[in-house]
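Heads up, the thing below is written out as structure tokens.
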Amino acid sequence: MDMKVNIAGVEWNNPVTVASGTFGSGAEFAEYVDLNRLGAVTTKGVANIPWTGNPTPRVAEVYGGMMNAVGLQNPGIDLFCERDIPFLRQYDTKIIVNVCGKSVEDYCEVVERLAGEDVDLLEINISCPNVKEGGIAFGQQPKAAEEITRAVKKYAKQPIIMKLSPNVTSIAEMAKAVEAGGADAVSLINTLTGMKIDIDRKSFVLANKTGGVSGPAIHPIAVRMVYEAANAVSVPIIGMGGIADASDAIEMILAGASAVSVGTANFFNPAVTMKIVDGIEAYMNKHHFETVKEMTGFVK
Amino acid sequence: MDMKVNIAGVEWNNPVTVASGTFGSGAEFAEYVDLNRLGAVTTKGVANIPWTGNPTPRVAEVYGGMMNAVGLQNPGIDLFCERDIPFLRQYDTKIIVNVCGKSVEDYCEVVERLAGEDVDLLEINISCPNVKEGGIAFGQQPKAAEEITRAVKKYAKQPIIMKLSPNVTSIAEMAKAVEAGGADAVSLINTLTGMKIDIDRKSFVLANKTGGVSGPAIHPIAVRMVYEAANAVSVPIIGMGGIADASDAIEMILAGASAVSVGTANFFNPAVTMKIVDGIEAYMNKHHFETVKEMTGFVK
Amino acid sequence: MAEKKREMAVVASQEQLADGIFSMWIQTEAAKTAKPGQFISMYTNDAAKLLPRPISICEIDAVEERLRVVYRVTGEHTGTEEFSKLVEGDTIPIIGPLGNGFPLEKAEGKSVFLMGGGIGVPPILELAKQIRCEKTQIVVGYRDEQTFLKEQFEENGKVYISTEDGSAGTKGNVMDAIREQGLKADIIYACGPTPMLRAIKAFAEENGITCYLSLEERMACGIGACLACVCQSKEKDHHSNVHNKRICKDGPVFLSTEVEI
Amino acid sequence: MAEKKREMAVVASQEQLADGIFSMWIQTEAAKTAKPGQFISMYTNDAAKLLPRPISICEIDAVEERLRVVYRVTGEHTGTEEFSKLVEGDTIPIIGPLGNGFPLEKAEGKSVFLMGGGIGVPPILELAKQIRCEKTQIVVGYRDEQTFLKEQFEENGKVYISTEDGSAGTKGNVMDAIREQGLKADIIYACGPTPMLRAIKAFAEENGITCYLSLEERMACGIGACLACVCQSKEKDHHSNVHNKRICKDGPVFLSTEVEI
Ligand SMILES: Cc1cc2nc3c(=O)[nH]c(=O)nc-3n(C[C@H](O)[C@H](O)[C@H](O)COP(=O)(O)OP(=O)(O)OC[C@H]3O[C@@H](n4cnc5c(N)ncnc54)[C@H](O)[C@@H]3O)c2cc1C
Ligand SMILES: Cc1cc2nc3c(=O)[nH]c(=O)nc-3n(C[C@H](O)[C@H](O)[C@H](O)COP(=O)(O)OP(=O)(O)OC[C@H]3O[C@@H](n4cnc5c(N)ncnc54)[C@H](O)[C@@H]3O)c2cc1C
Ligand SMILES: Cc1cc2nc3c(=O)[nH]c(=O)nc-3n(C[C@H](O)[C@H](O)[C@H](O)COP(=O)(O)O)c2cc1C
Ligand SMILES: Cc1cc2nc3c(=O)[nH]c(=O)nc-3n(C[C@H](O)[C@H](O)[C@H](O)COP(=O)(O)O)c2cc1C
Ligand code: FES
Ligand code: FES
């Protein structure tokens, strides 16, 4: 039995990574988790320059999950390269750098900067607001998604994972668009846009009014989208959205994911990823799966 | 203090109705609920001819909600008119007939048939698969949605509520499209498409593979969409999605709904709508709202 | 109008009968009108698990207003696991009694089979207690020697047991027990897994025996409104106007010739 | 590596101190290293409520390995309401101790104000117990005469009370109490609602007094990873590289001159 997976030419020790933005760059979680036991660490989105993010409150609790509008606060690519990459390189885990930007140029600048760095994969978060297109996310229009993929691929030395937004009519179309643009892998889902109102104060709970819903509440939607994307493209899929235990992760893999990311669940239990790695292993043993690849898309 | 609301010219005693498909035509729930205390009863979707629906299992439990693929089983418009309308007319409540179909002609046939019946509003469910367009729902393309609205309006004697699917990139665009087509009101959201896999049996839990997710898990997404739709159109909005208590309903109204529908929550507690009516009344008293209209869209 | 309601039943006692099989008595108004073959919808206290668990009524104590349910814990982190941890005095939300139950009157003067398999065994107990007939033959099938409720069955009729592993009674299923013992009946009442019900249906129809089957399906409302729990009916159903009947409302007990399973 | 963990703390006792104010002692390893001003993340057992509730440490018993938390139930159906129903022997998942706590050493030889307002009062207790300084002046503000923890404060310094309704001590807030009594100090430690902290910050800065404030914000991870709980910092923060500090990790206690509130 072998837990290893190969994602766009990069071999992970196991199929479990963490979802961008829920794990920082791993330093804080390292006190709770053995980072060597993660297939990969996916870092918080980083831009070409530091971003301040949104005003607070940035998070709210919703039924079976949470909502966030952190607004992609990040220290900028320079400090990231100087501090976070060397930290993560101490561990036997792959490094996936999540990249954000407000224009195609922003993304390309970060990707180019990372070309010379010792990281394994880049994940391009196209749910960011596209300032030139009036703030509509790159990830909500197939054409814009394809173009941005093609643009970053020009600068990329590492394989590119395009991270898709679930706030679209057809996830299959989005997956096909980024594949056409040259994506080496696809990850999904990012958060579903939600809103919460405090009825006593008669105001929005988040300073940003809307936020991204994540956690167990969105899991069935994520599984469906992973299934649809996996059936639309041939590049590997990293599945995420509401994974809180091994069974949720296995569902995602059976639906078509080659690997999985755990996000919001890290906030309920910082060591949840360790249980998920163990649980997938136990399941593979029990159900006689020799490799994760055999499990991927097993349910058709 | 006045609980009455006016939806497209029809006055309801209070802003609470039930979501189509969760309440049959009210006969079964009448044992648990005083139908006179509902602003309106929205019936299960009815087509021009009887539909058998999907194979079972048709429902599954998901975290904080459920998934269904009943497949719009219905007895056809003839039996509906003969049996269900006279039953509901015994009560002091408005009748909203939810209409489904597989082609524009199907919908028009039902709407025309209902023109001579004693019902108050028609709700057109455009999440049905459009057989001519390869099964993609009418409700996922603005143009198709606008056209079907225009078509049914030609035959309609009652005001038309267009019921929107949340499985779209822009709910505002969809709301505008049906308003342009002549909709008298808009209701949202229908279910979000999801999937659940039984990892022990390695098969889909629903016979239909995918199903519609409903219940508390989807509430923040529904609130956001109601807010966006309310800010995009001037016709009244009937808000639904995950309403399980008065506070959820009030959130929806503050976000822009003129009335609310309670769906899945009827399955946890068949009398939940009574508590919601009472809770809205108590809130209006406490917060000095004279009318529901004042509350509608209060939080901007 | 609005005379029924969701109620908070109080756990009167709980015990384990066999591996993963629990028996619970609950204090509830539902006991006043309950009939054998009806079920109740039991709700969890877990906010993640909102749908009801339909569980058959195993015994009715109308005087003390108590119902007994016997149920299997289907796995870890399930609603039934939660139920199994309830102790005396805890409350559990329920709706019921639901469905139609077994038509007892059809048995009058007849020789009957009361057949239960696996977790379909429990509803047969109250049926056996209430049925008035010529000859009560209780044929119950278990997985192994953990033949829960057997002693109580013996107080209410002649009991024939089958076990899958042959550790008690006939090795095999309930049909094997009937064949082995050469049993005969004019009418059958049965509850159990679908393959067993299919075999019983075939046997009954071949032999021209009236047969009532209690069916199972996933439910959402439990009261006939959502159309989740249908089974296929031979004739067009008058309510649905298609070949579907609602198990929760029109059943769970059906005449075998009415339904396709 | 991986030396910290989420743990199941055991409730040792629980009592109500005032309207909606509860005090709970929990048995936890977190007690071994906890310091005044740190907090713990408390988790509910409600599957609908998944985020932690950050609650300050009110007292530390390192020997018995117990922590005391004093908290307000913020409403019906809240996590804190659930906590208030726990009884001895129940378990509650927690992470902690978290954050940096108050810098005790800065008080040495000084005259101090320990200031708490409303539900910011509790963390001041352990601080008062541990602080070693010239003069301990505890200035605590309440809504009304329900001056919870007052007796314990009196064992640990000179106590000045303010109440919003004037039913005990100075009518008004903690700043009113200081003015009314003409109190003086070289250093301030404070926890309470933002308007109170703002007033204290202004007072301290006007008077050139060193001042430490414990801040509050909505949290998700509680350990510095998610960037939910930031406050604005005067200087660019070295970790964030922008003018934001993480309250959970870099705080909750900050030097008043470091932050904009
Ligand atoms: C009319 C009827 C009577 C029944 N009587 C009994 C009984 O007396 N004793 C007993 O042990 N079991 C009985 N069952 C089966 C029982 O309902 C399921 O085992 C139980 O719902 C499983 O719930 P869970 O919490 O263990 O599983 P989970 O996996 O947590 O259930 C998830 C969801 O699936 C539903 N579900 C899962 N399995 C079934 C099933 N087999 N049938 C219907 N819904 C299911 C649950 O109700 C729930 O909504 C009966 C079923 C029906 C329809
Ligand atoms: C560092 C710190 C220390 C605190 N110490 C104490 C204390 O000792 N005693 C005490 O009573 N309260 C304290 N609070 C406030 C306490 O965290 C909130 O009152 C509590 O989280 C509310 O949860 P709930 O379940 O009552 O409300 P809900 O409305 O159910 O909470 C919903 C969500 O919002 C969050 N939330 C709501 N109000 C606040 C708030 N004021 N601050 C942060 N998060 C909030 C909750 O954590 C939860 O995630 C502290 C807050 C912080 C940040
Ligand atoms: C607090 C928070 C911050 C996030 N930040 C990012 C980010 O910087 N970049 C990104 O691509 N996704 C971000 N996400 C989305 C997650 O990576 C993930 O796609 C989503 O939360 C769904 O997974 P989950 O349900 O397991 O959390 C963030 C999510 C949360 C909750
Ligand atoms: C079992 C079930 C059946 C449904 N059938 C219909 C239907 O016939 N027509 C329709 O427009 N919506 C139907 N819906 C969608 C609901 O009306 C509602 O839009 C959705 O469930 C969201 O609301 P809720 O979260 O309160 O359930 C159905 C939902 C459920 C759960
Ligand atoms: S469960 Fe709703 S009709 Fe049977
Ligand atoms: S709560 Fe996550 S950084 Fe503070």
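Chains as they are written, first to last, in our numbering: chain C, 16 to 315; chain E, 16 to 315; chain S, 10 to 270; chain F, 10 to 270.
In this text, a Cβ means the ideal position worked out from N, Cα and C, and glycines have one as well.
Nearest candidate by alpha-carbon position, reference P45(F), set E114(F), F31(F), Q155(F) and P204(F): E114(F)
Checking 9 Å against the spacing of the C-beta atoms, do C200(F) and P132(F) come in under that value? yes
Among all the DSSP beta bridges, which residues are the ones paired with E68(S)? According to DSSP, residue pairing for E68(S) in a beta bridge involves R77(S).
My output table needs one value for T145(S): the three-state DSSP class, helix, strand or coil. strand
Among N165(S), R207(S) and K159(S), nearest to R141(S) - alpha-carbon criterion: N165(S)
Can you check which of these residues, M18(E), G150(E) and Q173(E), is closest to W27(E) by C-alpha distance? M18(E)
What residue range is occupied by the uninterrupted alpha helix (DSSP H) comprising N281(C)? A280 to F283
CA nearest to the CA of Q36(S), picked from A21(S), Q146(S) and Q47(S): Relative to the Cα of Q36(S), the nearest Cα in the group A21(S), Q146(S) and Q47(S) belongs to A21(S).
Please determine, among A190(E), K117(E) and V85(E), the residue with the shortest C-alpha to C-alpha distance to R255(S). Considering only alpha carbons, the answer is V85(E).
Restricting to Cα atoms, I'd like to know which of A237(S), I147(S) and T172(S) is closest to M228(S). A237(S)
With a Cβ-Cβ cutoff of 9 Å, do A186(S) and Y169(S) count as a contact? yes
What does D55(S) reach in chain F if we use C-beta pairs closer than 8 Å? Result: A56.
Which residues in the same chain as I204(C) place their Cβ atom closer than 6 Å to its Cβ, once the five residues preceding and following it in sequence are excluded? P181, A237, M240 and G256
Can you give me the Cβ contacts of V96(F) inside the same chain, cut-off strictly under 8 Å, excluding the 5 residues immediately before and after it? V20 and Q23
Supposed close pair N140(E), S35(E) - CB separation, criterion 8 Å: 7 Å
Cross-chain neighbours of I232(S) in chain E, by beta carbon under 8 Å: Correct list: E43, F44, E46, Y47 and P285.
Heavy atom of ligand 1 less than 8 Å from the Cβ of I258(C), yes or no? no
Spell out whether any CB of chain C is found under 9 Å from the CB atom of C240(F). Interface flag for C240(F) against chain C is set, since a Cβ pair is found closer than 9 Å.
Out of curiosity, what's the CA-to-CA distance linking G116(E) and E127(E)? 13 Å
With a cut-off of 8 Å, do at least 3 Cβ pairs link the region 80-96 of chain C to the region 51-62 of chain C? yes
Pick from Q139(F), S176(F) and L136(F) that is closest to G150(F), judged by C-alpha positions: For the residues Q139(F), S176(F) and L136(F), the minimum Cα distance to G150(F) belongs to S176(F).
Consult DSSP for R62(F) and reduce its assignment to one of helix, strand or coil. strand
If we call anything under 9 Å between Cβ atoms a contact, is V33(E) one with S273(E)? no
Rounded separation between I163(C) and G149(C) - CA only: 16 Å
Run through chain E and tell me which residues come within less than 7 Å of Y52(S), C-beta to C-beta. F283
Tell me which residues pass a beta-carbon proximity test against ligand 7: closer than 7 Å to any heavy atom, given in chain order. In the structure on display, ligand 7 does not appear, and the ligands it does have are ligand 1, ligand 2, ligand 3, ligand 4, ligand 5 and ligand 6.
What are the start and end residues of each continuous beta strand (DSSP E) run of 3 or more residues lying completely inside the region 246-297 of chain C, in chain order? 252-255 and 274-277
Taking only beta-carbon atoms, is E12(F) less than 9 Å away from chain C? Using a CB distance cut-off of 9 Å, E12(F) counts as an interface residue toward chain C.
Looking at C-alpha atoms only, which residue of A39(S), G231(S), Q146(S) and V239(S) is the closest neighbour of E73(S)? A39(S)
Listed by chain order, chain F residues near E76(C) by CB distance under 8 Å: K58, L59 and L60
Let me know the secondary structure DSSP gives T89(F) once reduced to three states. helix
Between the Cα of L136(F) and the Cα atoms of T53(F), C67(F), V78(F) and L76(F), which residue gives the shortest distance? C67(F)
Tell me whether E76(C) counts as near ligand 2, meaning its Cβ is closer than 8 Å to at least one heavy atom of that ligand. yes
CA-CA distance, G126(F) and N281(C)? 33 Å
How about D174(S) and K180(S): do their beta carbons lie closer than 9 Å? Closer than 9 Å, so yes.
When Cβ atoms are compared, which residues of the region 79-106 of chain E fall closer than 7 Å to chain S? G79, G80, M81, N83, V85, Q88, P90, G91 and L94
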